[in-house]
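Asker:
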Amino acid sequence: MIPGNGDALHAPDPAPRRGAAPFGKHALNTTSLLWPAALSGLIAAGLPGGMVRAQDAALHPPPRQECLMSGPRARAARLAETLQDGFAVQYWGTTYDADTLSRQPHGLLILEVTRIGAPYSDTGREVLFTPEEMARINRGGARPALGYLNVTEIEHYRDYWIDRMGGIDAPPPAVLPDWYGPATVHKEHLSAFWTDAWHAILLERVDRLMQTGIDGLFLDDVLHYYSHAMDKTLVWPPGKRPDGPKDAPGMAREMMRLVGLVADRARQWKCDAFVVVNNGVFIGRDAAGDADPRGRAAFSDYLDRIDAIMVENVSAPSTHVHTTEALQEDYRSQGVAVLSLDIATQFPPQQPEALRALIAQKAAEAGFYPYVTADNVFNQVYPAMRTAPRGPGAPE
Numbered sequence: 032m033i034p035g036n037g038d039a040l041h042a043p044d045p046a047p048r049r050g051a052a053p054f055g056k057h058a059l060n061t062t063s064l065l066w067p068a069a070l071s072g073l074i075a076a077g078l079p080g081g082m083v084r085a086q087d088a089a090l091h092p093p094p095r096q097e098c099l100m101s102g103p104r105a106r107a108a109r110l111a112e113t114l115q116d117g118f119a120v121q122y123w124g125t126t127y128d129a130d131t132l133s134r135q136p137h138g139l140l141i142l143e144v145t146r147i148g149a150p151y152s153d154t155g156r157e158v159l160f161t162p163e164e165m166a167r168i169n170r171g172g173a174r175p176a177l178g179y180l181n182v183t184e185i186e187h188y189r190d191y192w193i194d195r196m197g198g199i200d201a202p203p204p205a206v207l208p209d210w211y212g213p214a215t216v217h218k219e220h221l222s223a224f225w226t227d228a229w230h231a232i233l234l235e236r237v238d239r240l241m242q243t244g245i246d247g248l249f250l251d252d253v254l255h256y257y258s259h260a261m262d263k264t265l266v267w268p269p270g271k272r273p274d275g276p277k278d279a280p281g282m283a284r285e286m287m288r289l290v291g292l293v294a295d296r297a298r299q300w301k302c303d304a305f306v307v308v309n310n311g312v313f314i315g316r317d318a319a320g321d322a323d324p325r326g327r328a329a330f331s332d333y334l335d336r337i338d339a340i341m342v343e344n345v346s347a348p349s350t351h352v353h354t355t356e357a358l359q360e361d362y363r364s365q366g367v368a369v370l371s372l373d374i375a376t377q378f379p380p381q382q383p384e385a386l387r388a389l390i391a392q393k394a395a396e397a398g399f400y401p402y403v404t405a406d407n408v409f410n411q412v413y414p415a416m417r418t419a420p421r422g423p424g425a426p427e
């Protein structure tokens with residue numbers, strides 16, 4: 032949802048496929064989270080009370096705990112109940128604060144845990160919501176809130192980049208780290224997501240996010256496994272490509288392994304942490320390749336690790352029937368919820384209420400959980416679209 036560059040908001044995916052576009056390419060520009068106070072109200076003369084900088088929160092290893100009463104079925108049942116009150120997505124805005132978020136009526140919130148972006152804080156580091164603020168947002172755990180985590184794109188405004196590279200605008204070092212990947216034609220900076228070094232960065236980020244009291248994670252840009260496999264325009268640094276898979280099945284399996292690592296780490300902090308992935312609808316089919324049993328086994332494990340998949344504009348006329356078929360066969364039939372996020376600008380002009388009614392009807396027919404936004408800026412919350420479930424992940 033937060034792309035890695037400031038290019039056109041509607042830049043097409045470098046490897047579009049079967050009507051399922053990656054969510055992150057259609058969100059906001061690089062500085063959306065980080066816009067100055069005149070636009071987003073994120074800067075003040077000093078840090079707001081109750082906030083902590085990311086680097087100020089000591090990172091501890093996950094606590095040892097036994098998750099005896101937690102598992103995919105228990106999470107699915109809870110998520111189905113939660114989603115009866117709909118979901119919402121917000122990453123920034125003039126009213127992006129704990130008190131305002133706590134008053135939102137939605138059953139599930141997907142949020143950016145960074146409250147002030149590093150370029151606009153007084154220390155040049157990210158400022159996160161504190162555990163006290165997160166407890167207000169999620170109402171003491173009664174209303175889950177998920178934190179944004181990009182699993183494939185290198186975000187130069189994050190602390191992990193600043194700490195390792197010496198600053199947001201610092202030039203790359205002479206010797207590039209293993210995780211330093213290629214650039215797309217749209218100037219997204221991809222990681223070599225299959226490397227141990229990138230895994231370490233993400234797991235450190237998971238620890239930091241989970242220590243705020245967030246209830247789980249929203250994993251963005253999963254679909255870049257396909258970009259790595261099929262996008263021939265990727266530009267790698269000279270002489271720099273770490274060993275790893277070379278084809279779509281191998282890349283898909285590595286991505287599912289990464290999602291599993293992230294999910295397992297989150298649940299070391301919170302047994303029943305939710306994990307929602309953004310897109311990558313065909314990852315199981317790509318992993319199987321030519322009936323490769325490794326792909327089937329990997330996808331089965333993947334489905335056990337995730338609780339829902341989000342797809343953008345799945346109700347739009349341009350969505351291919353293969354996408355909806357895969358969502359039904361590969362996910363809903365296995366108890367994985369499908370969240371549909373539709374953006375009004377992707378539909379023929381019509382009154383907002385008429386569009387919401389249309390999308391609600393389509394979602395009910397498909398068994399998806401809908402949410403409609405006016406645009407792709409994600410700087411405010413739109414009305415909840417409530418549903419009545421008939422089973423885990425499947426509204427009537």
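For my numbering, add 31 to where a residue sits in the sequence shown, where the first one is 1. We treat Cβ as the ideally placed atom computed from N, Cα and C, and that holds for glycine.
Is DSSP giving residue 61 helix, strand or coil here?
Answerer: In this predicted model, residue 61 has a pLDDT of only 33, less than 50, meaning its place in the structure is not dependable enough to derive any value.
Asker: How would you write the range of the beta strand (DSSP E) that residue 113 sits in, first residue to last?
Answerer: No beta strand (DSSP E) contains residue 113, which is instead part of the alpha helix (DSSP H) from 103 to 113.
Asker: Looking only at C-alpha atoms, which of 213, 94, 290 and 170 sits nearest to residue 334?
Answerer: Among 213, 94, 290 and 170, the Cα nearest to that of residue 334 belongs to 290.
Asker: Secondary structure at residue 170, three-state DSSP: helix, strand or coil?
Answerer: In this structure, residue 170 counts as helix in the three-state DSSP scheme.
Asker: Would you verify that the beta carbon of residue 343 is, or is not, closer than 8 Å to some beta carbon of chain C?
Answerer: You won't find chain C in this structure, because it holds only one protein chain.
Asker: Which residues bound the beta strand (DSSP E) around residue 383?
Answerer: First-last for residue 383: 383 to 397, but that is the alpha helix (DSSP H), not the beta strand (DSSP E).
Asker: Once DSSP output is grouped into helix, strand and coil, what is the label at residue 97?
Answerer: In this structure, residue 97 counts as coil in the three-state DSSP scheme.
Asker: Going by beta-carbon coordinates alone, are residue 280 and residue 323 separated by less than 8 Å?
Answerer: Cβ distance < 8 Å, so residue 280 and residue 323 count as in contact.
Asker: Tell me, please, which residues DSSP counts as bridged to residue 305.
Answerer: For residue 305, which the question treats as bridged, DSSP gives the partners 247.
Asker: Three or more beta-carbon pairs under 8 Å between the stretch 207 to 215 and the stretch 261 to 275, yes or no?
Answerer: Touching, yes.
Asker: Less than 6 Å between C-beta atoms, sequence neighbours within five positions excluded: which residues of the same chain meet that for residue 226?
Answerer: Once the five neighbours on either side are set aside, the close Cβ partners of residue 226 are 209, 210 and 273.
Asker: Is it the case that the Cβ atoms of residue 330 and residue 315 are separated by a distance below 8 Å?
Answerer: Yes, these two residues count as a Cβ contact at 8 Å.
Asker: Among the candidates 367, 133, 406 and 325, whose CA atom is the shortest distance from the CA of residue 176?
Answerer: Comparing Cα-Cα distances from residue 176 to each of 367, 133, 406 and 325, the minimum goes to 133.
Asker: Determine whether the beta carbon atoms of residue 312 and residue 339 lie at a separation below 8 Å.
Answerer: Not a contact, by the Cβ cut-off of 8 Å.
Asker: With respect to the beta strand (DSSP E) encompassing residue 339, which residues constitute its N-terminal and C-terminal limits?
Answerer: Here the beta strand (DSSP E) through residue 339 covers 339 to 343.
Asker: Between residue 21 and residue 182, how many whole angstroms is the CB-CB distance? I'm expecting something under 8 Å.
Answerer: Nothing about residue 21 can be read from this structure; the chain reaches only from 32 to 427.
Asker: Return the bridge partner residues of residue 220 from the DSSP annotation.
Answerer: Answer is 214, bridged to residue 220.
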